[in-house]
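Undergrad: Handing you this structure, nothing more for now.
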Amino acid sequence: MTTYRELTINDLAKLVKEAAAAINWQAYREFALTVYGDKAHKIVTATGEEYNDQTYDDVVNYVNVFDIEGNELEPDLSLPFWQERVKEHERRVKKNYHGYYDKYPEMREFDTEDDEGVSELMHELPTLDNDETEFTFFVNEPPITPRVFIAE
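Count the sequence shown with the numbering used here and you get residues 141 to 292, in order.
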């Protein structure tokens, strides 16, 4: 027979911390798979604070994604996220530089460094801690989350 005990405040604090870790892992995992694809294995990130108009905002300083061999990955332009960005870039170039589009093919080149897509996605990521410590996530290793049972 299984016995139960009342949930203590310490149990609850641990539960909240573990749930937050799972939510953070899920967000960073989704980011890595969206931008870098299935080769994404390890995610290293740091968050901190940025001065903004007499206050400090929590920000993601960087997100680096590595494959299973430890090589830093470049964005995978074959992914739907990037295909949409490339098409939008081509539409913008044709519209704004229509007279030069055919004359200067280099204008058509898409550069992930110049694109705002990744920074927009990074802006949506949860900030983890404000002491600029690096955090590591593994795409296929979710954090352990407790199982809690409640009465129906």
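Note that CB positions come from ideal geometry on N, CA and C, so glycine has one too.
1) Rounded to a whole number of angstroms, what is the C-alpha to C-alpha distance between Arg-376 and Glu-209?
2) Which residue's Cα is closest to the Cα of Glu-212: Gly-188, Tyr-196 and Val-175?
3) Could you compute how far the alpha carbon of His-229 sits from the alpha carbon of Val-258?
4) Put Ile-290 into one of helix, strand or coil per three-state DSSP.
5) Is the stretch 183-199 touching the stretch 259-279, taking contact as three or more C-beta pairs under 8 Å?
6) Could you pull the DSSP bridge partners for Glu-228 from this structure?
7) Who are Phe-206's beta bridge partners in DSSP?
8) Rounded to a whole number of angstroms, what is the C-alpha to C-alpha distance between Asp-178 and Phe-277?
9) Taking the alpha-carbon positions, what's the Tyr-191 to Tyr-144 distance?
10) At which residues does the alpha helix (DSSP H) containing Glu-264 begin and terminate?
11) Opposite Asn-192 in the DSSP bridges: which residues?
12) Applying the criterion that 16 or more other CB atoms from any shown protein chain within 10 Å of the CB defines a buried residue, is His-181 buried or exposed?
13) Please go through the same chain and pick out, in chain order, the residues whose beta-carbon is closer than 8 Å to the beta-carbon of Glu-158, but skip the five residues on each side of it.
14) Looking at the secondary structure, which residues open and close the beta strand (DSSP E) in which Glu-274 lies?
15) Do Glu-274 and Val-184 have their beta-carbon atoms positioned less than 8 Å apart in this structure?
TA: Put simply:
1) Lying outside 141 to 292, the shown extent of the chain, residue 376 is not represented and no answer is given.
2) For Glu-212, the closest C-alpha among the options Gly-188, Tyr-196 and Val-175 is that of Val-175.
3) If you take the alpha carbons of His-229 and Val-258, they lie about 14 Å apart.
4) Three-state DSSP puts Ile-290 in coil, outside helix and strand.
5) The stretch 183-199 is in contact with the stretch 259-279.
6) Under DSSP, no beta-bridge partner is assigned to Glu-228.
7) DSSP output for Phe-206 lists Lys-182 and Glu-212 as bridge partner(s).
8) Roughly 15 Å separates the two Cα atoms.
9) When the Cα atoms are used, Tyr-191 and Tyr-144 turn out to be separated by approximately 48 Å.
10) Membership of Glu-264 in the alpha helix (DSSP H) is indicated by the continuous run 257-264.
11) Bridge partners of Asn-192: Thr-195.
12) Note on His-181: 16 or more other CB atoms within 10 angstroms of its CB, so buried under the neighbour-count rule.
13) Within the same chain, Glu-158 has close Cβ partners Pro-283, Ile-284, Thr-285 and Pro-286.
14) Residues 274-278.
15) Closer than 8 Å, so yes.
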